[in-house]
Amino acid sequence: MSTTVMHEMRRVRRDVVMRLLEVKRVESLTPKMVRVTLTGDALHGFESDAPDDHVKVFVPLPGHTHPTLPVMTADGPRFAEGVTPSPARDYTPRRYDAKANELDIDFVLHGDGPASTWAAQAEAGQWLGIGGPRGSRIVADDFDTYVLIGDETALPAIGRWLEELPKGARAITIVEIADEDERLPLHSKADVQRYWLHRNGEAPGTTTRLEDALRDIRFPEGDTFVWVGAESRTVRGIRLYLQQERAHNPDWIKASGYWKLWPEDEDE
Ligand SMILES: Cc1cc2nc3c(=O)[nH]c(=O)nc-3n(C[C@H](O)[C@H](O)[C@H](O)COP(=O)(O)OP(=O)(O)OC[C@H]3O[C@@H](n4cnc5c(N)ncnc54)[C@H](O)[C@@H]3O)c2cc1C
-10 MSTTVMHEMR RVRRDVVMRL LEVKRVESLT PKMVRVTLTG DALHGFESDA PDDHVKVFVP
50 LPGHTHPTLP VMTADGPRFA EGVTPSPARD YTPRRYDAKA NELDIDFVLH GDGPASTWAA
110 QAEAGQWLGI GGPRGSRIVA DDFDTYVLIG DETALPAIGR WLEELPKGAR AITIVEIADE
170 DERLPLHSKA DVQRYWLHRN GEAPGTTTRL EDALRDIRFP EGDTFVWVGA ESRTVRGIRL
230 YLQQERAHNP DWIKASGYWK LWPEDEDE
C-alpha cells in the first residue's frame, strides 16, 4: 500500500519591525554582487524562518546619511507628514547570526536604481533601514526533490535554501548569471545538481535560458517542489510552462517576480 505524503506548507506571520542598522562590513563577492553586513542594537530579535523571506530595505535619499523609516500603525507603515520617504526595495536576509548580531544582505549591482546605486558605494559606518520580514511561507521538508530556479537576484535565496537542506535531500539548481565571474560557491549537505547559464553579453531579463534549460531537465521520480525567482515576465513564462505543459501540481510551485524589466507591468 502506498503512503500519501502530505507536504504540509506553513505560514508564519510577524509584526513588522522597522530597524535602523549600521553597516559593519562590505565585501565584494563577484564583480556584480556585494555583501553588506549590518549590525546595531535594533537588530536584536531579528527572525527569518524561510530561505526566500524578504525584508524591505530603505536606502538614504541622495545627500542624506540616514534613511527615513515609516512608523508602523494599525493601517500599515506611515511616514510622518512632510517627510520624504526613502526608496524601499525587497531583499533577502541572506544570513543572520544572532550571536555576532550580524545580518548579511547580498546586492546585485545591476546599474541604475536607488538600491543598486547605494550598494555600489556602501562602506562601513553608513546607515540602512530594514522592515520585516512580515511573514514566511515554510515549504515542507519532505519533498523528494527541490528545483530552485532564478537569476542572480535569487542567488541569496537559493544559496540559503541549499545551506538549510539536510543531508539526504535532493536539489537541482538552474541559475542564470552574466558570465563565469558571477558564479558563487553554493554550499550544501544535500545532493545538488547545478546548472549555471551564462548570458554572455545579453541583457538581464531578456533571455529564455532558464525556461529552455528547465524544458530539457527531467525531474527525478517522486514529488518535486519548484521555486522560481527572477525577472517577472520570465517567471510568468516558467509558471505557465510548468502548469500547462508539464501539469505540475500548482501547490508545489512558488514563482515570484523579483524585479521588472518593464516596470509599467501590472503587479504579479
Ligand atoms: C522577495 C524578493 C527578494 C529579493 N532579494 C534580492 C536580493 O537578495 N538581492 C538582490 O540583489 N535583489 C533582490 N531582489 C530584487 C530587487 O528587489 C530588485 O532588483 C530591485 O528592483 C532593485 O532595486 P533598485 O533600486 O536597484 O532598482 P529599481 O529602482 O527597482 O529599478 C531601476 C531599473 O533597474 C532595473 N532593474 C532592477 N533590478 C534589476 C536587475 N536585477 N537586473 C537588471 N536590471 C534591474 C529595472 O527594470 C529598472 O529599469 C528581490 C526581490 C524580491 C521581490
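Start counting the sequence shown at -10; every next residue gets the next number (the working numbering). Glycine included, every Cβ here is placed at the ideal spot set by N, Cα and C.
Following a CB-centred definition, is residue i positioned closer than 7 Å to any heavy atom of ligand 1?
i: V97; result: yes
i: I94; result: yes
i: D170; result: no
i: A259; result: Because residue 259 is not part of the residues shown, which for the chain are -10 to 257, the question remains open.
i: S250; result: Here residue 250 turns out to be Leu, not Ser, going by the sequence shown. True, at least one ligand heavy atom lies under 7 Å from that Cβ.
i: Y85; result: no
i: P76; result: yes
i: Y230; result: no
i: H43; result: yes
i: P193; result: yes
i: D101; result: yes
Cutting at 6 Å between CB atoms, please list the residues of its own chain near residue i, excluding the five before and the five after it.
i: D212; result: F132 and D133
i: P59; result: P66, R67 and F68
i: G120; result: V5, M7 and K45
How many Å lie between residue i and residue j at the Cα?
i: R78; j: K45; result: 5 Å
i: Q233; j: E152; result: 31 Å
i: A167; j: E91; result: 29 Å
i: D4; j: D38; result: 14 Å
i: A146; j: H55; result: 27 Å
i: A158; j: D180; result: 6 Å
i: P252; j: L154; result: 34 Å
i: A111; j: S125; result: 28 Å
i: A160; j: E141; result: 18 Å
i: Q115; j: D42; result: 24 Å
Just confirm the distance between the C-beta atoms of residue i and residue j, as a whole number of angstroms; I'd bet it's less than 8 Å.
i: R8; j: L32; result: 6 Å
i: R188; j: L175; result: Actually they are not in contact, since the Cβ atoms of R188 and L175 sit about 18 Å apart, beyond 8 Å.
i: W216; j: K243; result: 5 Å
i: E16; j: L27; result: Not really, about 13 Å apart at Cβ, beyond 8 Å.
i: W241; j: F214; result: 5 Å
Can you list, in chain order, the residues of its chain whose CB lies under 8 Å from that of residue i, leaving out five sequence neighbours each side?
i: T197; result: T223 and G226
If I measure Cβ to Cβ from residue i and keep anything under 7 Å in the same chain, skipping five residues before and after, which residues do I get?
i: G194; result: E220, T223 and L250
i: S(-9); result: Confidence in S(-9) is poor, its pLDDT being 47 and thus under 50, which makes the residue's placement unreliable; the coordinate value appears in the next sentence. Answer for S(-9): no residue qualifies.
Can you list the alpha helix (DSSP H) stretches of 4 or more residues lying completely in the region 24 to 68, in chain order? Whole alpha helix (DSSP H) segments, 4+ residues: zero.
Complete alpha helix (DSSP H) runs within the region 113 to 197 (minimum length 4 residues, chain order): Counting only runs of 4 or more, we get 144 to 153.
Contiguous beta strand (DSSP E) assignments of at least 3 residues, all confined to the region 68 to 102: Every unbroken stretch of the beta strand (DSSP E) spanning 3 or more residues and falling wholly within the region 68 to 102 is given here in chain order: 77 to 80, 84 to 86 and 91 to 97.
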